[in-house]
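Student: Letter by letter, the sequence shown follows residues -24 to -1, 1 to 354 of mature numbering (1 follows the signal peptide of the UniProt record, and there is no 0). Cβ atoms here follow ideal geometry from the backbone N, Cα and C, with glycine treated the same way. Just passing along the structure, written as structure tokens.
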Amino acid sequence: MSKFRDPLLLTAGLLLASAHLADAGDVDAGKKVFAKCAACHAVGQNAKHKVGPVLNDVIGRKAGTAEGYNYSPAMAKAGEGGLVWDDTTLHAYLAKPRDVVKGTKMTFAGLKKRDDVDNVIAYLESFSTVAEPAQKASKDEEGAAPAGAKSAEITQAQPAGGQSQTGEKQPTESTGTHFMLGREATPEEIAAWDIDVRPDGLGLPEGHGTVAQGMAIYDEKCAVCHGDFGEAVGRRPVLAGGQGTLQADRPEKTIGSFWPYLSTVYDYVRRAMPFGDARSLSNDDVYALTAYLLYLNDEISDENFELSKENFASIRLPNEPNFIDDDRLQEPYYVDKSEPCMTDCAPGKATIKMHAAVLDVTPEAKGGGEEPTGGGIE
Ligand code: HEC
Ligand code: HEC
């Protein structure tokens, strides 16, 4: 039993004092362990990326961000998701890389011995500016104090979406700080909020309603603003008509003439109408009103037509084909474009020719010989 006590104590100490990396491991021993990494990683002056990225300054660094190295999407995502290399995250990663970053291209099974992990981290630390004495570290934003805050970000990021990008447990869960603000949304709250409807009908609630039912609701709740036939009162939006006007100087954009998808009608009315009393309609009311709006736009002629969750997606609005995916990136102009030059683009050394105090912001016509027009910043 006593054999195990020490490593356990050491573990506890590490978790509590993650900022004090130097306490944990032995740099010289770590150098030997690093022999296992050296096939793929370099450290020290003039280190270059090999199979894996250079590991200088890795401590305190966001995962997947060493410049000039081509990470796996998994590692890049983990970094975007808030994974920062500190004592805790490195312990987890080096023990089982693929448990921490699922899909990482680091094909290394992991270090089995806790001591090896401690020591190799101590060794890496000796190539990281963050780990140097406090004053030096703190002039760098990534210093010892923020390291704790970053761990907190990781644990935060996880419950936020309910699922982390990789579907993995983030390694700092056991030690991260909670901010103790708010509470998790209940399923009911999420359901009340999550009401968007997709063009293919995904997200529609159960329900149905006929044109005739919609007409009655419309007359009572909508006509006061949108007119008896959707022609609008005052400056409220017109809800019907306008077909054939899209190419005119003043196109009339209505549900019938312009809107691409019926799902938008359902979603909009359910979410926002009647103006001033939003979310007061039942799901059936909204089906009935949507059916009636189709009727007002001559898309449906039968007053007994019933719109429902089942037949909803079969109805297409006439202007849908005129909405196309943005394919500009396939156009020759973009396809042929090479990467823009970002450094040393002009030949020779840059020289300052004029200062803003006299620089004329609005260029003159060439050869005019006029005085600057006073556009400069004095
Ligand atoms: C067989 C090659 C290989 C070995 C051995 C290896 N690594 Fe890696 N390592 C990689 C690759 C490749 C990546 C990039 C992973 C990715 O992009 O998914 C990586 C990534 C990392 C990262 C993340 C770096 C960053 O910038 O986000 C750390 C930390 C790391 N390795 C540490 C180690 C340590 C310490 C060892 C030795 C105990 C080791 N690796 C052994 C190939 C290796
Ligand atoms: C008190 C006045 C008022 C009432 C009542 C009202 N609306 Fe509206 N409606 C508006 C206004 C104002 C807008 C424009 C809102 C905006 O653009 O932000 C609008 C926009 C709309 C639109 C989008 C039109 C477009 O082309 O952008 C639809 C569809 C709509 N209403 C349907 C209805 C339905 C159905 C009802 C009855 C349940 C209703 N409205 C009741 C004032 C009203």
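On the DSSP letters alone, give me the boundaries of the alpha helix (DSSP H) that L59 sits inside.
Tutor: For L59, there is no enclosing alpha helix (DSSP H), as DSSP gives it neither H nor E.
Student: Could you tell me the distance, in whole angstroms, from the CA atom of V34 to the CA atom of C317?
Tutor: 29 Å
Student: At a cut-off of 8 Å, is R212 close to ligand 2 when judged by its beta-carbon and the heavy atoms of the ligand?
Tutor: yes
Student: Would I193 and A254 qualify as a contact pair, given that the criterion is a beta-carbon distance under 9 Å?
Tutor: no
Student: Check each candidate in S104, P294, Y99 and name the one with the smallest Cα separation from K8.
Tutor: Its Cα nearest to that of K8, the residue Y99 stands out among S104, P294, Y99.
Student: Taking the runs of the alpha helix (DSSP H) that are 4 residues or longer, which of them lie wholly in the stretch 11 to 75?
Tutor: 49 to 56, 63 to 71
Student: May I have the straight-line CA-CA distance separating L180 from A332, to the nearest angstrom?
Tutor: Spanning the two alpha carbons is a distance of roughly 59 Å.
Student: Give me the Cα-Cα distance between D161 and A54, rounded to the nearest whole angstrom.
Tutor: First, the amino acid is wrong: residue 161 is Ala here, not Asp. Using only the alpha carbons, I get a separation of about 25 Å.
Student: Give the C-beta separation of K26 and A39 to the nearest angstrom, bearing in mind that I take them to be a contact with Cβ-Cβ under 8 Å.
Tutor: The distance from the Cβ of K26 to that of A39 is about 18 Å, inconsistent with a contact at the 8 Å cut-off.
Student: Between V76 and F288, what straight-line distance do the alpha-carbon atoms span, to the nearest angstrom?
Tutor: 44 Å
Student: With DSSP as the reference, label E279 as helix, strand or coil.
Tutor: coil
Student: Please report the residue range of the beta strand (DSSP E) in which T186 lies.
Tutor: Per DSSP, T186 belongs to the beta strand (DSSP E) from 184 to 186.
Student: Report the option in T221, A14, A188, G232 whose CA atom is closest to the CA atom of H215.
Tutor: Inspection of the sequence shows that residue 215 is occupied by Leu rather than by His. Taking only the C-alpha atoms, the option nearest L215 is G232.
Student: Whole angstroms is fine: what's the gap from residue 355's alpha carbon to G158's?
Tutor: With the chain represented from -24 up to 354, any question about residue 355 goes unanswered, as that position is not in the structure.
Student: When we look at the beta-carbon of I328 and count the other beta-carbons within 10 Å, is it buried (16 or more) or exposed?
Tutor: exposed
Student: Mind pulling the alpha helix (DSSP H) runs of 4 or more residues that sit fully within the stretch 188 to 228?
Tutor: 199 to 202
Student: Helix or strand or just coil, what does DSSP make of S284?
Tutor: strand
Student: Just to confirm before moving on: does the CB-CB distance between F84 and K12 stay below 9 Å?
Tutor: yes
Student: Quick check: the Cα distance between L66 and F155, rounded to an integer number of angstroms?
Tutor: 23 Å
Student: Who are the Cβ neighbours of D260 in its own chain at under 6 Å, not counting the five residues just before and after it?
Tutor: Shown here for D260: same chain residues with a beta carbon closer than 6 Å to its own, the five before and five after excluded, namely G183, G185 in chain order.
Student: Hey, out of N273, E207, G20, whose CA is closest to W235's CA?
Tutor: Of N273, E207, G20, the residue nearest in Cα terms is N273.
Student: Considering Cα atoms alone, identify which of L270, T319, V3 is closest to L293.
Tutor: L270
Student: Got a sec, what are the start and stop residues for the alpha helix (DSSP H) K8 sits in?
Tutor: DSSP places K8 in the uninterrupted alpha helix (DSSP H) bounded by 3 to 9.
Student: Kindly give me the distance between the Cβ atoms of G36 and N95, rounded to whole angstroms, as I take these residues to be in contact under 8 Å.
Tutor: Not quite, the Cβ-Cβ distance comes to about 19 Å (not below 8 Å), so this is no contact.
Student: Report the CB separation of G57 from L70 in whole angstroms; it is logged as a contact under 8 Å.
Tutor: The pair is not a contact, with the Cβ atoms about 19 Å apart (cut-off 8 Å).
Student: At the level of alpha carbons, what is the spacing between I300 and Y237?
Tutor: One alpha carbon belongs to I300, the other to Y237, and they sit about 13 Å apart.
Student: Could you give the DSSP three-state label for N95: helix, strand or coil?
Tutor: Three-state DSSP puts N95 in a helix.
Student: Using CA atoms only, rank isn't needed, just tell me which of S239, A42, M51, Q189 is closest to E286.
Tutor: S239
Student: Using CA atoms only, rank isn't needed, just tell me which of L178, A68, V187 is closest to E275.
Tutor: When only C-alpha atoms are compared, the closest one is V187.
Student: Skipping 5 residues on each side, what residues in its chain have a beta carbon closer than 8 Å to that of V30?
Tutor: H17, A18, V19, A23, K24, A42, Y45
Student: Buried or exposed: S290, going by 16 or more other Cβ atoms within 10 Å of its Cβ?
Tutor: exposed
Student: For A267, is the classification buried or exposed, using 16 other Cβ atoms within 10 angstroms of its Cβ as the cut-off for buried?
Tutor: buried
Student: Please classify E101 as buried or exposed, where buried requires at least 16 neighbouring CB atoms within 10 angstroms.
Tutor: buried
Student: Going by C-alpha distance, which of D225, F205, S256 is nearest G217?
Tutor: With distances taken between Cα atoms, G217 lies closest to F205.
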